[in-house]
Amino acid sequence: METATQTKPEIAVSLRDVNKWYGEFHVLKNVNLDVERGQRIVICGPSGSGKSTMIRCINRLEEHQAGQIIVDGIELNNDLKNIDQIRREVGMVFQHFNLFPHLTVLENCCLAPMWVRKIPRKEAEATAMEYLERVKIPHQAKKFPGQLSGGQQQRVAIARSLCMKPRIMLFDEPTSALDPEMIKEVLDTMIELAESGMTMLCVTHEMGFAKTVADSVIFMDAGQIIEMNTPDEFFNHPQHERSKLFLSQILGH
Amino acid sequence: MADPNLSATPPQTLSTVPSKPSFWNDPQKRALVFQILLVIGIGLLLWFIFSNTLHNLDKRGIKTGFDFLDRPAGFGITQTLIPYTEASTFGRTFLVGLLNTLLVAGLGIIFATMLGFSVGVARLSKNWLISRIALVFIETIRNIPPLLQILFWYRAILPLLPGPKDSISLAELFYLHKRGLTLPSPLFEPAFIWTFWAFIAALVLAFIIGRWAKARREKTGEQFPVLWTAVGVIIGVPLITFFLTGSPLNWDVPALSGFNFRGGLTVIPELTALLLALSIYTAAFIAEIVRSGIQSVSKGQSEAAASLGLRPNRTLQLVVIPQAMRVIIPQLTSQYLNLTKNTSLGVAIGYPDLVNVFAGTTLNQTGQAVEIIFMTMLVYLAISLTISMFMNWYNKRMALVER
Numbered sequence: 001m002e003t004a005t006q007t008k009p010e011i012a013v014s015l016r017d018v019n020k021w022y023g024e025f026h027v028l029k030n031v032n033l034d035v036e037r038g039q040r041i042v043i044c045g046p047s048g049s050g051k052s053t054m055i056r057c058i059n060r061l062e063e064h065q066a067g068q069i070i071v072d073g074i075e076l077n078n079d080l081k082n083i084d085q086i087r088r089e090v091g092m093v094f095q096h097f098n099l100f101p102h103l104t105v106l107e108n109c110c111l112a113p114m115w116v117r118k119i120p121r122k123e124a125e126a127t128a129m130e131y132l133e134r135v136k137i138p139h140q141a142k143k144f145p146g147q148l149s150g151g152q153q154q155r156v157a158i159a160r161s162l163c164m165k166p167r168i169m170l171f172d173e174p175t176s177a178l179d180p181e182m183i184k185e186v187l188d189t190m191i192e193l194a195e196s197g198m199t200m201l202c203v204t205h206e207m208g209f210a211k212t213v214a215d216s217v218i219f220m221d222a223g224q225i226i227e228m229n230t231p232d233e234f235f236n237h238p239q240h241e242r243s244k245l246f247l248s249q250i251l252g253h
Numbered sequence: 001m002a003d004p005n006l007s008a009t010p011p012q013t014l015s016t017v018p019s020k021p022s023f024w025n026d027p028q029k030r031a032l033v034f035q036i037l038l039v040i041g042i043g044l045l046l047w048f049i050f051s052n053t054l055h056n057l058d059k060r061g062i063k064t065g066f067d068f069l070d071r072p073a074g075f076g077i078t079q080t081l082i083p084y085t086e087a088s089t090f091g092r093t094f095l096v097g098l099l100n101t102l103l104v105a106g107l108g109i110i111f112a113t114m115l116g117f118s119v120g121v122a123r124l125s126k127n128w129l130i131s132r133i134a135l136v137f138i139e140t141i142r143n144i145p146p147l148l149q150i151l152f153w154y155r156a157i158l159p160l161l162p163g164p165k166d167s168i169s170l171a172e173l174f175y176l177h178k179r180g181l182t183l184p185s186p187l188f189e190p191a192f193i194w195t196f197w198a199f200i201a202a203l204v205l206a207f208i209i210g211r212w213a214k215a216r217r218e219k220t221g222e223q224f225p226v227l228w229t230a231v232g233v234i235i236g237v238p239l240i241t242f243f244l245t246g247s248p249l250n251w252d253v254p255a256l257s258g259f260n261f262r263g264g265l266t267v268i269p270e271l272t273a274l275l276l277a278l279s280i281y282t283a284a285f286i287a288e289i290v291r292s293g294i295q296s297v298s299k300g301q302s303e304a305a306a307s308l309g310l311r312p313n314r315t316l317q318l319v320v321i322p323q324a325m326r327v328i329i330p331q332l333t334s335q336y337l338n339l340t341k342n343t344s345l346g347v348a349i350g351y352p353d354l355v356n357v358f359a360g361t362t363l364n365q366t367g368q369a370v371e372i373i374f375m376t377m378l379v380y381l382a383i384s385l386t387i388s389m390f391m392n393w394y395n396k397r398m399a400l401v402e403r
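Chains as they are written, first to last, in this note's numbering: chain A, 1 to 253; chain B, 1 to 403.
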C-alpha cells in the first residue's frame, strides 16, 4: 500500500467542473482540482472568493449543484451511504472550533469513535489520550471546552477530528479566530500533522505556514481557481494580476 | 526603559494596612444596617396585619380556627375523583377541589408539553407551509387572554355539539355530546393486580436492559435497539400476564336510556373546555421556548457533528438536544407554574377546582375567609414549589460547566 502510493500517486480528492450557486449568486465556477494522497494544499484568496465553500463541499456540509466530486474513490452524490462513508474518512477543523460545550475534552474526542465507528469506550479513550498527547494537552482531558483558551480549544478540535483516524483533513481558517500568541501553538500542531504525511487542504492566510509545509498554493477569486503553484513560485513570481494585488495587500504590512 | 517609579513594589511611605473608611461609607456596614431596618419594617407590617385581622374578626363575632373542616358540607360537586356526598365534611370538599385542580394541572402539563414540542419543531420545519401554520398558531393563541380562550371553548364550541340522544359516537363506545364525553369505564377484578405488578416489573426490567445495553456499548461498541426492546417489554409483559390471569378486566359500556347515558364515565364539559384551553394556550408558549432553545444551539455544532460522521438523528440526540434543554428547562418550568396557577380560571365556567369549591362555595357557606384563603394559597404555593424544585434539580443536571 505504502509503496504503491509512492510509485503511483493516488488521487485523494478530485473535483471536476464543480459549480454551486447560492440563489442567484454563483459561488463556485467550474472548479477543477486534483489532490494526491499525502499532498498539502493551502487555499487562499479574498473573502467571498468561495474557498471555504469549496472545502465544505468536499464533506457535504455544502451541496454542489453541478460537476463531480470524488473523495477517496467514492463519488459524492445524494446517496446517504456515500456521504456517511466520506465523512468518516474526512476530518474537519473549523474557524470557531465548534467543540461540544456540554461534554468534556475527552468525551468530545470519544463521541464519534464510539457512536460512528462503534469502538468500545476504553479503546476510544485510549486513542483520544494518544491524540491529546500529540496536540500537547493530555492534562486538560477532564475539563470542559469553556475552561480552555482559544488555542487549546482548537488543538482539542484537531485531536477530536484525528480520533476518527481520517485519511484527509480539511482546515477552514483554523487560526482566524485566535489571538496572535495562540496562532503559533495551533500552527505547530498543524505542521506536525503535515509532517506525518496527512493529506491536508487548508484555507488559511498564514503565509508562513504555506511556505513551510504546502506542496502547492491555490489562489481563488470570485469562485474560480485563478492560480495553482508551488509556494516558492506563487510568492515570488505570481502569474496573475489578481494574485499580485492580493499578495501585495497581505504581505504589504 | 525601566522607570524606577513604575516598579511593582509600592513606595515605602504607604502603610501596608488599608485605611478604614468611616462607618457610613463602608459598604458592608451600610448593607447590614439596611437589612436590619428592612427586617424590622416587615416584622411591624406583619404584626399590624395580623393584629388588625384578629381585632376585626373579634368585633364581628367571627370564630377563628379550623373546626369548620369537620362540619358536613351539604352541597354537591359535579366532579369528584374520590367518594363524596352532600353529607361529607368541608374538609372533604378541600380534598375534592385539590384533586380536581391537580387533575387539570397534571393532564394540562402533559398535553401542553406534547403539543408544544410538536409545534416548536414544526416551526423550524424546512417545509414552508408547516412552519407558517405553526407560526400562525403560536401568534394567535398566545396573544388571546387565557380566560377568553376558556370561555371560547365552553360557550362557543362545546354547545355546538348535539345533545346526548344524537351524540357523535365512535364504535358505540365513545359518545361526544353537549354534556361531555362519555366513555366506557373499567371494572377491575381482583386478579387484575397481577397485571399491575407485571407492569411494574416490566418497567424495572426495561431499566435494567437500558443499563446493560449502555454498559455493553461502552465495552464492545455494539449498539442495541434499547427503545424498541423497552417498548416491547413494557407492553408485552403486562399483556401476557393479563391474558394468563384470564383477562380480569371488564368494561362498563355506556348505553343511552331516555335523555341520558347509563353506565360508563362522563367527562364533564367544564373539564374538557378548561383542559383544551389551558393546554393549547400553554403549548403556544412552550412551542416558542422549544424553537428558541433549538435555535440557540449554533449551526456550527451540527456541522461539527456531521463532519465527524454522526447522522442527523444522532446529532440531535447527542449534541443539539442536550444543549437546547439547558435553555428550555428554566422557561418550561415557569410555563408549568403558569398552567397550574391558571387552572383557577376554571371558576369562570364552574369547573369544580380548589378555588371554585373550597375558596368559593365552602367559603360562602362557612364564612371562614381568612383560614380558607390562607389554606388555598398555601396549596398553590406548595404545588408550585414542588414543580420548581423538581425542575431545578433537573436543570442542575443539565447545566454547562464554564470556567
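For every residue, glycine included, the Cβ atom is placed at its ideal position computed from N, Cα and C.
Exercise. What residues of chain A sit near A306(B), judged by a beta carbon separation below 7 Å?
Worked result: L61 and R87
Exercise. Hey, is the region 309–316 of chain B in contact with the region 111–119 of chain A, meaning 3+ C-beta pairs nearer than 8 Å?
Worked result: yes
Exercise. Where does E75(A) sit, in a helix, a strand or coil, going by DSSP?
Worked result: strand
Exercise. CA-CA distance, R160(A) and Q85(A)?
Worked result: 18 Å
Exercise. Name the chain A residues that come within less than 7 Å of R123(B), Cβ to Cβ?
Worked result: Those within 7 Å of R123(B) in chain A number zero; the least Cβ separation is about 23 Å.
For this session: Please list the partners that L318(B) has in chain A, where partner means a Cβ-to-Cβ separation under 9 Å.
Result: F100, L103, L111 and W115
For this session: Could you say if the region 100–115 of chain A and the region 53–70 of chain A meet the contact criterion of at least three C-beta pairs nearer than 8 Å?
Result: no
For this session: Would you decide whether L197(B) is buried or exposed? Buried here means 16 or more other CB atoms lie within 10 Å of its CB.
Result: Per the sequence shown, residue 197(B) should be read as Trp rather than Leu. W197(B) should be labelled exposed.
Problem set entry | Meets three-Cβ-pair contact criterion under 8 Å: the region 158–173 of chain A and the region 199–213 of chain A | yes
Exercise. If you pair each beta-carbon of the region 270–282 of chain B with each one of the region 238–255 of chain B, do three or more pairs fall below 8 Å?
Worked result: no
Problem set entry | Near-chain A residues of the region 198–223 of chain B (beta-carbon distance less than 8 Å), N- to C-terminal order | R217, E218, K219, T220, G221, E222 and Q223
For this session: Give a yes or no on whether 8 Å exceeds the smallest Cβ distance from M164(A) to chain B.
Result: yes
Problem set entry | Residue-chain proximity (D84(A), chain E), Cβ-Cβ < 8 Å | Looking at the structure shown, chain E is missing, and the protein chains on hand are A and B.
For this session: Kindly indicate if chain B contains any beta-carbon less than 8 Å away from that of K81(A).
Result: no
Exercise. In or out: F234(A) buried (at least 16 other Cβ within 10 Å) or exposed?
Worked result: buried
For this session: Within the same chain, show all residues whose beta-carbon is closer than 8 Å to that of N260(B), passing over the 5 residues directly before and after it, in chain order.
Result: P164 and R179
Exercise. Among the residues of its own chain, which have a CB less than 7 Å from the CB of N59(A), if the five just before and after it don't count?
Worked result: I86, R87, V90, M92 and L170
Exercise. So who's on the other strand from R262(B), going by DSSP bridges?
Worked result: A255(B)
Exercise. Touch check for the region 115–123 of chain B and the region 284–300 of chain B: three-plus C-beta pairs under 8 Å?
Worked result: yes
Exercise. Any C-beta of chain A sitting closer than 8 Å to the C-beta of G293(B)?
Worked result: no
For this session: Leaving out five residues on either side along the sequence, give the residues of the same chain with a beta carbon under 7 Å from the beta carbon of R40(A).
Result: A194, M200, V213, A214 and D215
For this session: Closer than 6 Å by C-beta to W153(B): which residues in its own chain qualify, once you throw out the five before and the five after it? Chain order, please.
Result: A273, L276 and A277
Exercise. From I225(A) to N98(A), what does the alpha carbon distance come to, in whole angstroms?
Worked result: 28 Å
Exercise. Within the present structure, is the beta-carbon of R160(A) separated from the nearest heavy atom of the ligand SAH by less than 7 Å?
Worked result: What this structure holds is no ligand at all, so the ligand SAH is not there to describe.
For this session: Output, in sequence order along the chain, the residues in the region 116–135 of chain A whose CB is closer than 7 Å to any CB in chain B.
Result: V116, K118, I119, P120 and R121
Problem set entry | Beta carbon of F94(A) nearer than 8 Å to that of A304(B) | yes
Exercise. In the region 203–227 of chain A, which residues sit with their C-beta less than 7 Å from some C-beta in chain B, listed in chain order?
Worked result: none
For this session: Thinking I294(B) and L124(B) are a contact (beta carbons under 8 Å), I'd like their distance in whole angstroms, please.
Result: 6 Å
Problem set entry | Proximity winner among I208(B), V290(B), G41(B) and L103(B), relative to T343(B) (alpha-carbon distances) | L103(B)
Exercise. In chain B, what lies closer than 9 Å to F94(A) by C-beta?
Worked result: G300, E303, A304 and S307
For this session: Give every residue of the same chain whose Cβ lies closer than 8 Å to the Cβ of W21(A), excluding the five residues on either side of it in the sequence, and list them in chain order.
Result: V27 and Q65
For this session: Kindly indicate the opening and closing residues of the beta strand (DSSP E) around M198(A).
Result: Where M198(A) is concerned, there is no enclosing beta strand (DSSP E), given that its DSSP letter is neither H nor E.
For this session: Can you grab the Cα-Cα spacing for the pair V119(B) / T282(B), in whole Å?
Result: 12 Å
For this session: Evaluate N52(B) with the Cβ neighbour count: other Cβ atoms within 10 Å of its Cβ, from every protein chain shown; 16 or more gives buried, anything less gives exposed.
Result: exposed
Exercise. Rounded to a whole number of angstroms, what is the C-alpha to C-alpha distance between I43(A) and W128(B)?
Worked result: 37 Å
Exercise. Helix or strand or just coil, what does DSSP make of G74(B)?
Worked result: coil
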